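A.B. asks:
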Amino acid sequence: MKNRLKVLRAERDLTQADLADALAVSRQTINAIEKGKFDPSLPLAFKISRLFNLPIEAVFQDNEEIQDDEKNIEV
1 MKNRLKVLRA
11 ERDLTQADLA
21 DALAVSRQTI
31 NAIEKGKFDP
41 SLPLAFKISR
51 LFNLPIEAVF
61 QDNEEIQDDE
71 KNIEV
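Here full-length UniProt numbering is used: the first residue of the sequence shown is 1, the next is one more, and so on.
#1: Ignore the nearest five residues each way along the sequence and tell me which others in S49's own chain have a CB closer than 6 angstroms to its CB.
#2: Between A45 and the rest of its own chain, which residues show a CB-CB distance below 7 angstroms, the 5 nearest in sequence each way excluded?
#3: What are the start and end residues of each continuous beta strand (DSSP E) run of 3 or more residues lying completely inside the UniProt domain "HTH cro/C1-type" (5-59), in chain order?
#4: Does P43 pass the burial test, meaning 16 or more other C-beta atoms within 10 Å, or should it be called exposed?
#5: Spatial neighbours of I66 within its chain, please: C-beta separation below 7 angstroms, excluding the five flanking residues on both sides.
#6: Below 7 angstroms, is the gap between the Cβ of R12 and the nearest heavy atom of the ligand HEM?
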């Protein structure tokens, strides 16, 4: 699953530790999510989207959705 977590965090001048504290998870969890090594649970994904005041789809994008979008791009 792709995500914009690193970009959103940077736009708000938050460190991984700051974000981890706000979400009650470890900094390593934030790092793993940002690098795409770990997909957050649904409750954590909702918590992240609420923290940034964005719809969940603005933070996370499913890999299948990305492939579908690429197929629909006109050249």
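Where a beta carbon is used, it is the ideal one built from N, C-alpha and C, also for glycine.
Bear in mind that the values here come from a model prediction, so they are computed numbers and not experimental data.
C.D. replies: The short version:
#1: I56 and V59
#2: I56 and F60
#3: none
#4: exposed
#5: Only weak support exists for where I66 lies, its pLDDT of 49 falling under 50; the value from the coordinates is given anyway. Closer than 7 angstroms at the Cβ level, and outside the excluded window around I66, lie K2.
#6: Because no ligand of any kind appears in the structure shown, any question about the ligand HEM cannot be addressed here.
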